[in-house]
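A short write-up of the structure that comes next.
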Amino acid sequence: MLLRVASPIHPDIVMVIAFPGDILMRMLKMLILPLIISSLITGLAGLDAKSSGRLGTRAMVYYMTTTIIAAVLGVILVLVIHPGNPKLKEHLGEGEKNDDVSSLDAFFDLIRNLFPENLVQACFQQIQTVTKKVEVVIEEDVNATTMEGLVANITKDPQFVVKKSLQFKSGMNVLGLIGFFIAFGICMGKMGEKARLMLEFFSILNEIVMKLVICIMWYSPFGIACLICGKIISIKDLEVVGRQLGMYMVTVIIGLIIHGAIFLPAIYFAIVRKNPFTFFLGIFQAWITALGTASSAGTLPVTFRCLEENLGIDKRVTRFVLPVGATINMDGTALYEAVAAIFIAQMNGIVLDPGQIVTVSLTATLASVGAASIPSAGLVTMLLILTAVGLPTQDISLLVAVDWLLDRFRTSVNVVGDSYGAGIVYHLSKAELEELDAQTAKSDDIEMMTKTQSYYDDMKNHPVPTFPTYIHIYHAVSESFPVSFFCILTPAIFAHCDNCVVMLKAVK
Numbered sequence: 003m004l005l006r007v008a009s010p011i012h013p014d015i016v017m018v019i020a021f022p023g024d025i026l027m028r029m030l031k032m033l034i035l036p037l038i039i040s041s042l043i044t045g046l047a048g049l050d051a052k053s054s055g056r057l058g059t060r061a062m063v064y065y066m067t068t069t070i071i072a073a074v075l076g077v078i079l080v081l082v083i084h085p086g087n088p089k090l091k092e093h094l095g096e097g098e099k100n101d102d103v104s105s106l107d108a109f110f111d112l113i114r115n116l117f118p119e120n121l122v123q124a125c126f127q128q129i130q131t132v133t134k135k136v137e138v139v140i141e142e143d144v145n146a147t148t149m150e151g152l153v154a155n156i157t158k159d160p161q162f163v164v165k166k167s168l169q170f171k172s173g174m175n176v177l178g179l180i181g182f183f184i185a186f187g188i189c190m191g192k193m194g195e196k197a198r199l200m201l202e203f204f205s206i207l208n209e210i211v212m213k214l215v216i217c218i219m220w221y222s223p224f225g226i227a228c229l230i231c232g233k234i235i236s237i238k239d240l241e242v243v244g245r246q247l248g249m250y251m252v253t254v255i256i257g258l259i260i261h262g263a264i265f266l267p268a269i270y271f272a273i274v275r276k277n278p279f280t281f282f283l284g285i286f287q288a289w290i291t292a293l294g295t296a297s298s299a300g301t302l303p304v305t306f307r308c309l310e311e312n313l314g315i316d317k318r319v320t321r322f323v324l325p326v327g328a329t330i331n332m333d334g335t336a337l338y339e340a341v342a343a344i345f346i347a348q349m350n351g352i353v354l355d356p357g358q359i360v361t362v363s364l365t366a367t368l369a370s371v372g373a374a375s376i377p378s379a380g381l382v383t384m385l386l387i388l389t390a391v392g393l394p395t396q397d398i399s400l401l402v403a404v405d406w407l408l409d410r411f412r413t414s415v416n417v418v419g420d421s422y423g424a425g426i427v428y429h430l431s432k433a434e435l436e437e438l439d440a441q442t443a444k445s446d447d448i449e450m451m452t453k454t455q456s457y458y459d460d461m462k463n464h465p466v467p468t469f470p471t472y473i474h475i476y477h478a479v480s481e482s483f484p485v486s487f488f489c490i491l492t493p494a495i496f497a498h499c500d501n502c503v504v505m506l507k508a509v510k
């Protein structure tokens, strides 16, 4: 804020200030792909199909419940506070209309991205429906001989038709990758011992990524500070925007605080019966990172580390719940979209009936599930909500001026919701996980006993000499380390060893 006083600031200075933050974002995004792949595979491969199904069911029930609560809370707050005023349109003006997105197209794009046709391409591109207006050539009336007919042909307005096409846009298809590797991990878990080598590979990959995360965390405080500082400096007319959209911002932030600091801890305490604020201290670093990066996916590496190392959550739970939650559990986004939609209606003097308000709540819940875990995805899904209740979509552009700030707050609530969800699912699944561990240990013991029995049977089928055990001693001397070897030979070992040397005990 002090640098804003020294205006105007040269753009190069702003770029230099924000540069360390940009490097932090790049490092975190660099780890998203290997982290999602390794965590999902190792997490699900350690579970049987029944356990993973129950784990997923509990996670989805929690996600949908908290998202609906957030959307309803946003609707209640915006109706009570009533931040929208038709006079704001006089100051803000008209927004730009955007007809590029429809509800049906967005829904189909969501399903298409869930099933990518090329897994490698899904690592850096996702499919999107694009509309284009094409002018229709209208045949002129060649028989028009009168002056009025000729003038009508010349002055006729051009007509356009909208054509849709599928194009690949830059950006990781997180939803498609998660869908594929969930199936991959479940199938690998069913293969058992055959897939052990593959499981060890991805486990080592996950450990390597987490060590890289530890290195990045030493740099993150400086990077986050530069990221936020550069964003504040680059905003023009911050004071004017604050006066015009101040009540709208206050409504959203109050809702996020109530949901993140009251509702989510209350749900955690009601189920787990442990102090939720002690839990929050364990994920404090992930919360700060979410405030700085405004990306749930970018915060994933830090969230993994906080839950597994600080709070001791089972890795089989975190590696399944967190990647899925970072994609579909968007409590903060649902609340923000509900507030923004009704705020736009209030600003245009439109009174919504109860049916439309319910539609806003449900659409905000479903749209937030489809929102990608990337910055400012809420503005894209906002079009779906406004279209569903017939509100003007051009006014979305008026909210862009403050979205950079609200995006950070709602992302931090999303990350907190994912973390509390992992803690709740772990508590509910603890007995099953312990039973699964016991079964695994029992199967290992049975396997060892089987090998021992087969070796014993092999001994019985091969007669051995009956002379007593004896000890043969000899010395081997090297230039650097003289050693005396004691070779203990039993009749059974003697019968199965060519060199009669099996057990060596080195004595200096």
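When the count follows this note's numbering, it moves up by one through the sequence shown with no breaks and lands on 510 for the last residue. Heads up, the beta-carbon is just placed ideally off N, CA and C, and yes, glycines get one too.
Let me know if residue i comes out buried or exposed under the rule of 16 or more other beta-carbons within 10 Å of its beta-carbon.
i: H84; result: exposed
i: Y221; result: exposed
i: M384; result: buried
i: D405; result: buried
i: N115; result: buried
i: C217; result: exposed
i: G300; result: buried
i: P356; result: exposed
i: A185; result: exposed
i: T291; result: buried
i: N331; result: buried
i: D316; result: buried
i: F203; result: exposed
i: E137; result: exposed
Helix, strand or coil: how does DSSP classify residue i here?
i: V132; result: strand
i: L81; result: helix
i: L121; result: coil
i: F281; result: helix
i: S297; result: coil
i: K2; result: The question about residue 2 has no answer, for the chain in this structure spans 3 to 510.
i: F110; result: helix
i: V391; result: coil
i: L168; result: strand
i: F271; result: helix
i: F162; result: strand
i: E98; result: Unreliable positioning characterises E98 in this predicted model, as indicated by a pLDDT of 47, which lies under 50. The coordinate reading is nonetheless provided below. Coil at E98, not helix or strand.
Could you check how far apart the C-beta atoms of residue i and residue j are, in whole angstroms? I think they sit under 8 Å.
i: L386; j: A108; result: 6 Å
i: A47; j: M190; result: 5 Å
i: Y422; j: L266; result: 5 Å
i: A336; j: S370; result: 4 Å
i: V16; j: I230; result: In fact, because the Cβ distance is near 13 Å, the residues do not count as touching under 8 Å.
i: V211; j: P36; result: 5 Å
i: N175; j: P118; result: 6 Å
i: V415; j: A343; result: About 18 Å; that fails the 8 Å criterion.
i: S41; j: N208; result: 6 Å
i: I70; j: T367; result: 5 Å
i: A73; j: H261; result: 10 Å between Cβ atoms; not a contact.
i: T295; j: L30; result: 6 Å
i: I34; j: L354; result: Actually they are not in contact, since the Cβ atoms of I34 and L354 sit about 38 Å apart, beyond 8 Å.
i: L258; j: G334; result: 6 Å
i: T253; j: V341; result: 6 Å
i: A124; j: L179; result: 6 Å
From this set, the options, which residue's C-alpha is nearest residue i's C-alpha?
i: I188; options: T44, A433, R28 and Y428; result: T44
i: R321; options: L309, M332 and I330; result: L309
i: S172; options: Q128, G300 and W289; result: Q128
i: G55; options: V319, K213, Y338 and V252; result: V319
i: S53; options: Q246, K192 and N312; result: K192
i: Q161; options: Q287, K135 and I184; result: K135
i: D1; options: M349, F186 and M27; result: Any property of residue 1 remains undetermined from this structure, which presents the chain solely from 3 to 510.
i: I285; options: L49, L33, G425 and E437; result: G425
i: V326; options: A20, D24, I19 and I38; result: I38
i: P223; options: D24, Y428 and Q358; result: D24
i: F182; options: L430, T59 and L121; result: L121
i: T133; options: C125, L112, V163 and I113; result: V163
i: K166; options: E202, L106, K213 and T67; result: L106
i: F345; options: T365, G314, F306 and L400; result: L400
i: K233; options: V80, L407 and I113; result: L407
Cβ-heavy atom distance between residue i and the ligand MN below 7 Å?
i: G45; result: The ligand MN is not among the ligands present in this structure, which contains no ligands whatsoever.
(message) Quick check for students: name the residue ranges of the alpha helix (DSSP H) that lie wholly in the region 178-247, counting only runs of 4 or more.
(response) Counting whole runs of 4 or more residues, the region 178-247 contains the alpha helix (DSSP H) stretches 198-236.
(request) Please specify which runs of the alpha helix (DSSP H), each continuous and at least 4 residues long, are wholly inside the region 321-380, giving them in chain order. (result) For the region 321-380, whole alpha helix (DSSP H) runs of length 4 or above, ordered along the chain, are 333-349 and 356-372.
(request) Give, in chain order, every unbroken run of the beta strand (DSSP E) that is at least 3 residues long and sits entirely within the region 11-55. (result) Listed in chain order, there is nothing to give.
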